[in-house]
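Written out below as structure tokens is the structure these notes cover.
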Amino acid sequence: MIWSPSPGGHPAVHRAVRSRDAEVSPEALRARDRRTEVGRLSAGLPHPGVPPKAEVCLFVLGSCSRRRPLRRTTRRLEMAGDITDSGELYSPYVGQVYMFNLIVGTGALTMPKAFATAGWLVSLLLLLFLGFMSFVTTTFVIEAMAAANAQLHWKRMESHKEEEDDDSSTASDSDVLAQDSYERAERRPILSVQRRGSPGLFEITDRVEMGQMASMFFSKVGVNLFYFCIIIYLYGDLAIYAAAVPFSLMQVTCSATGNDSCGVEADTKYNDTDQCWGPLRRGDAYRIYLAAFTVFLGPFTFFDVQKTKYLQLLTSLMRWVAFAIMIVLALVRIGHGRGEGRPPLADFSGLRNLFGVCVYSFMCQHSLPSLITPVSSKRHLTRLVFLDYVLILAFYGLLCFTAIFCFRGDSLLDMYTLNFARCDVVGLAAVRFFLGLFPVFTISTNFPIIAVTLRNNWKALFYREGGTYPWVVDRVVFPTITLVPPVLVAFCTHDLESLVGITGAYAGTGIQYVIPAFLVYHCRRDTQLAFGHGTLNKHRSPFRHTFWVGFVLLWAFSCFLFVTANIVLSETKL
0 MIWSPSPGGH
10 PAVHRAVRSR
20 DAEVSPEALR
30 ARDRRTEVGR
40 LSAGLPHPGV
50 PPKAEVCLFV
60 LGSCSRRRPL
70 RRTTRRLEMA
80 GDITDSGELY
90 SPYVGQVYMF
100 NLIVGTGALT
110 MPKAFATAGW
120 LVSLLLLLFL
130 GFMSFVTTTF
140 VIEAMAAANA
150 QLHWKRMESH
160 KEEEDDDSST
170 ASDSDVLAQD
180 SYERAERRPI
190 LSVQRRGSPG
200 LFEITDRVEM
210 GQMASMFFSK
220 VGVNLFYFCI
230 IIYLYGDLAI
240 YAAAVPFSLM
250 QVTCSATGND
260 SCGVEADTKY
270 NDTDQCWGPL
280 RRGDAYRIYL
290 AAFTVFLGPF
300 TFFDVQKTKY
310 LQLLTSLMRW
320 VAFAIMIVLA
330 LVRIGHGRGE
340 GRPPLADFSG
350 LRNLFGVCVY
360 SFMCQHSLPS
370 LITPVSSKRH
380 LTRLVFLDYV
390 LILAFYGLLC
400 FTAIFCFRGD
410 SLLDMYTLNF
420 ARCDVVGLAA
430 VRFFLGLFPV
440 FTISTNFPII
450 AVTLRNNWKA
460 LFYREGGTYP
470 WVVDRVVFPT
480 ITLVPPVLVA
490 FCTHDLESLV
500 GITGAYAGTG
510 IQYVIPAFLV
520 YHCRRDTQLA
530 FGHGTLNKHR
540 SPFRHTFWVG
550 FVLLWAFSCF
560 LFVTANIVLS
570 ETKL
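Residue 286 in numbering that gives the first Met the number 0 sits at position 287 of the sequence shown; the count goes up by one each step and never skips.
The structure is reproduced here in structure tokens:
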């Protein structure tokens, strides 16, 4: 509900003020009047006798309070402002490289097999469409970031103004000033007419993470659903990483006959019961590697750890070298007439995993605040993001098409790098081991970061203002519930394609489609209420019509039904 008081203020307020005026010295009254007038002029407000042109209240968390409309979210936003430092700035083109590296991650290694099982035409069409949908929701998140920054900027100005008022107040007129502050809050709009359309308010200068935006724009139920979705996604991410590293080590070091440096042969299908070293089976080797992985990297979950800039550069360089080697080797093999792949046009039975893998492979929305905020110049931000998506689509297409025409569909492995562990594909042993162990190096550096992120999300979900966690809960319980479930999942299965497919199809759909759509819808509504209908968000999405929000939500719901039905039908056939 939007409530505008009469130009002269509420009669009860004036009676209360007059009753206090009789008990306050004339000097205090004159000081109060000067502060009131200065505050009104600095905020661009009219004289008390002139009705304000626009009076609105901030619609936050699904409700609008008549009394003290600014008080509900000021403390929350000030808390957010303390952790919104953008860090060191970098150029837009460096930002493009960072975004490319973020998106082109582990999901790309599982995409070739998904392409081969679903058919090249269906895979290409779905890849293009999902890339477009990911771009749409990326622009949604950027618009929501700008709207959140506008609210933070205004709250910061309001906080500074209130601090100045508090510093100049005296104990004798504190009650009058409190009542006067209430009267001004009731009578004035959140943003003045002069500042309402100011483009500087929408500058993305503060790093506002998705959890903070959810707290600003969603109700309490919405915030809890957001954390539930991102926690499930991070659990899936950790399970994929916990399975990928031991699986790669097992494939590189084991074979059906024992020690075979040439890795996996094209016509050989290995089972977990096959021999690895002496009496040890492949499944035993996998679990030994998983236990070692947990022992070495699991303890980082109990501490704070940050990925350094040089580690990022090293892993990015390794990623580019590995992908370039795989594409070149596949092209050379096809050029020499040794390509084995004959992929079908379409095979709808493989759509479920393809959808999940593609959604997972375009995932970047949850990390956009950390990537976009440090960009020094955001003038052509949408254009740069669009160019990034075009390059990523071209890269995915090149990687997958060279893979499905180079290798037979039934010989493509879950981790594409392992197909190059064969002697007939790569003659140089050093290259074979580099590609085979590539996921080990890159994923191992990311696992502690994601684990700490998940642990902190658990803390944020159960946090209550003013409370603190006991040491045992903070340092033992939260890290334990973070680490144990994904490791247990990895012990039960190393089917990476299914893990990626399920994680991307369910939690990935929520993070990539549902949350950005609701964020942009609520931020647009809040922006109109707080700043007026004529406000122009300089970073607004090109897909500004409400139709696109509904289309994204409809698509997400359709995908959820499709994937669920596909899983049920597949299990029924079994």
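Glycine is no exception: its CB is placed at the ideal position from the N, C-alpha and C atoms.
If you follow the alpha helix (DSSP H) that residue i is in, where does it begin and where does it stop?
| i | result |
| --- | --- |
| C275 | Premise fails: C275 lies in the beta strand (DSSP E), 274-276, not in any alpha helix (DSSP H). |
| V476 | Where V476 is concerned, there is no enclosing alpha helix (DSSP H), given that its DSSP letter is neither H nor E. |
| F361 | Per DSSP, F361 belongs to no alpha helix (DSSP H) and is neither H nor E. |
| P298 | It is not in any alpha helix (DSSP H) - P298 carries neither H nor E in the DSSP assignment. |
| A420 | Unbroken run through A420: none, as it is neither H nor E. |
| R341 | It is not in any alpha helix (DSSP H) - R341 carries neither H nor E in the DSSP assignment. |
| N662 | The chain is shown only over 0 to 573; residue 662 falls outside these bounds and no answer can be derived. |
| N536 | Premise fails: N536 is in no alpha helix (DSSP H) and is neither H nor E. |
| Y92 | 91-102 |
| G106 | 105-117 |
| A238 | 219-252 |
| H521 | 514-530 |
Can you give the Cα-Cα distance for residue i and residue j, rounded to whole angstroms?
| i | j | result |
| --- | --- | --- |
| C134 | S369 | One detail in the question is off: residue 134 reads as Phe in this sequence, not Cys. C-alpha separation (whole angstroms): 17 Å. |
| V486 | G106 | 19 Å |
| V488 | S540 | 39 Å |
| T381 | Y388 | 11 Å |
| G503 | K160 | 46 Å |
| N565 | P438 | 30 Å |
| V251 | G396 | 27 Å |
| Q511 | R280 | 40 Å |
| L237 | F446 | 7 Å |
| A115 | F561 | 20 Å |
| S171 | V96 | Because the pLDDT at S171 is just 49, under 50, the model does not fix this residue reliably, and the point stays unresolved. |
| G94 | F517 | 26 Å |
| L101 | C363 | 7 Å |
| V356 | L125 | 11 Å |
| A555 | T545 | 16 Å |
| Y468 | F477 | 10 Å |
| R183 | L129 | Residue placement at R183 is flagged as unreliable, the pLDDT there being 43, under the threshold of 50; a coordinate-derived value is accordingly withheld. |
| L535 | D271 | 60 Å |
| L383 | W319 | 20 Å |
| V567 | H335 | 43 Å |
| F201 | R523 | 12 Å |
| R543 | M156 | 29 Å |
| N148 | V207 | 7 Å |
| R33 | I231 | At R33, the pLDDT of 41 sits below 50, so the modelled position is not reliable; the number obtained from the coordinates is stated separately. Computed Cα separation, rounded: 55 Å. |
| I391 | G531 | 38 Å |
| C491 | P484 | 11 Å |
| L427 | M132 | 41 Å |
| Y92 | A393 | 18 Å |
Can you round the beta-carbon distance between residue i and residue j to whole angstroms, since I take them to be within the 8 Å contact cut?
| i | j | result |
| --- | --- | --- |
| I333 | F404 | 6 Å |
| R474 | F301 | 6 Å |
| M212 | A143 | 6 Å |
| T137 | D413 | At roughly 28 Å, the Cβ-Cβ gap does not stay under 8 Å, so T137 and D413 are not in contact. |
| L328 | F419 | 6 Å |
| S375 | S90 | 6 Å |
| A243 | L495 | 6 Å |
| Q150 | M215 | 6 Å |
| I203 | A145 | 6 Å |
| Y285 | H521 | Their Cβ separation, rounded to whole angstroms, is 45 Å, which puts Y285 and H521 out of contact at 8 Å. |
| E87 | P515 | Actually they do not touch by this definition, with Cβ atoms about 27 Å apart. |
| F453 | T481 | It is Leu, not Phe, that sits at residue 453 in the sequence shown. Yes, they are in contact, since the Cβ atoms of L453 and T481 sit about 5 Å apart, within 8 Å. |
| I590 | G235 | An answer regarding residue 590 cannot be provided, because it is not within the stretch 0 to 573 covered by the chain. |
Taking residue i as the reference, give the member of the options with the closest Cα.
| i | options | result |
| --- | --- | --- |
| V140 | M209, F530, L224 | M209 |
| V451 | L233, M212, V251, T545 | L233 |
| V519 | T492, G500, L552, G533 | L552 |
| K537 | T563, T526, S158, L316 | T526 |
| I449 | L398, H365, A429 | H365 |
| T444 | G500, F559, G355, T314 | T314 |
| M317 | G355, D273, G104, R407 | G104 |
| L127 | S360, R155, G282, E87 | S360 |
| I239 | L482, A290, V499 | V499 |
| L353 | K112, L88, Y92, E87 | K112 |
| G406 | I230, L330, E87, V513 | A small correction: the amino acid at residue 406 is Phe; Gly does not occupy that position in the sequence shown. Among I230, L330, E87, V513, the Cα nearest to that of F406 is on L330. |
| K377 | R155, G199, F559 | G199 |
| W153 | W547, G549, A529, G533 | A529 |
Would you call the segment 342-353 in contact with the segment 118-125, where contact means no fewer than 3 C-beta pairs closer than 8 Å?
yes
Count Cβ pairs between the segment 238-252 and the segment 503-522 that sit closer than 8 Å; are there 3 or more?
no
Touching or not, the segment 315-329 and the segment 425-442, by the rule of three or more beta carbon pairs under 8 Å?
yes
Quick test of the definition: if touching needs 3 or more C-beta pairs under 8 Å, does the segment 225-241 touch the segment 444-463?
yes
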